[in-house]
Structure formats: structure tokens, C-alpha cells
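Engineer: UniProt numbering puts the last residue of the sequence shown at 122; the count rises by one with no breaks.
Ideal Cβ positions, reconstructed from N, Cα and C, are used throughout, including at glycine.
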Amino acid sequence: MKTAQDIVLFGRSVAQTSDTFCAPAERRISGGCQQSMNNFYSDETGQFHAGLWSGGVGAWRVKYTEHEFCTLLEGRVRLTDTAGHSVELAAGDHFVIPAGFEGIWEVLEPARKTYAVFEVDR
């Protein structure tokens, strides 16, 4: 049984993993693609993860195999699908990127988000 001590508070907990990275060169479209991720929680199955992500101005191709719920805390981003349809998101927006989405993730202004990811095929 889980208790109150098992509740993860991002602002008070130490990240389980922290990483600074850039999208692989073959997926980069523009910009430096500087990104960092602090994962605060992963479940015992390895299918569910939650944490904080930040990224600098840039664009790269994405192919989601997982469902991702996000809250954009800072900045502006644009998601464009392979048909050319796009949605622009700003600080305060809450959104889900469904597994199977393919397209371009573009950071228009340095951005920061919380994420909760469920990996379908694990």
C-alpha cells in the first residue's frame, strides 16, 4: 500500500534522473535544440513517467510511441503534424499528445513544461 510519503512533489523532491541533451542530428530542423529533463517519477513497470522538461528555441521531428500529458509553464511551442496542420501552445496550456503523433516539435520561445508519459508498448 502506498502512503503520503510516496507522493512526489516536484518542487521538494530530488529528480530520479536528470539529463541535458539535443535531438539527434537526423531529426533536427533548426536551432540548437538544447533540452533538459528532470524525471521525478517512474512506476515499477517502466510505463509511466512524470517530470519537468525545458528546451531552447529550435525545431525537430518527433514520432510519439507514448501518450503524453503536458502543462506548459513557460514559453511558446508549435506542434505540426505530417499533413501540415499545427497548434500553437503557450504558458498555461494543458494538452495531450497521443501515441502515434508524428510531426515537428518547434520551440518558438524558450519553454518549460511538466509532463506525464504513459508508454503503451512496454
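1) Starting from THR114, follow its DSSP beta bridges and name the residues at the other end.
2) With the cut-off set at 8 angstroms, would you say SER54 and ALA111 are in Cβ contact?
3) Going along the chain, which residues of its own chain have a beta-carbon closer than 6 angstroms to the beta-carbon of GLY75, five neighbours each way excluded?
4) Relative to the alpha-carbon of GLN47, which residue among GLU66, CYS33 and VAL57 has its alpha-carbon at the smallest distance?
5) Please state the DSSP three-state secondary structure of GLN5.
6) Taking the alpha-carbon of ASP81 as reference, which of VAL14, PRO98 and GLY11 has the nearest alpha-carbon?
7) Spell out the partners DSSP gives GLY31 in its beta bridges.
8) Quick check on VAL107: buried or exposed, where buried means 16 or more other Cβ atoms within 10 Å of its Cβ?
9) Classify GLY94: buried if its beta carbon has 16 or more other beta carbons within 10 angstroms, exposed otherwise.
10) Which first and last residues belong to the beta strand (DSSP E) in which HIS94 is found?
11) Is ARG12 helix, strand or coil when you go by DSSP?
12) When the Cβ atoms of the region 9–26 are set against those of the region 85–94, are three or more pairs found closer than 8 angstroms?
Structural biologist: So, from the listed chains and residues:
1) LEU52 and THR71
2) Inclusion of SER54 and ALA111 in the CB contact set at 8 angstroms is warranted, their separation being smaller than that value.
3) GLU109, PRO110 and ALA111
4) GLU66
5) In this structure, GLN5 counts as helix in the three-state DSSP scheme.
6) Cα-wise, what sits closest to ASP81 is PRO98.
7) GLY58
8) buried
9) It should be pointed out that residue 94 corresponds to His in this sequence rather than to Gly. Exposed, because fewer than 16 other Cβ atoms sit within 10 Å of the Cβ of HIS94.
10) 94–97
11) Shown here, ARG12 sits in coil according to DSSP, grouped into three states, outside any helix or strand.
12) no
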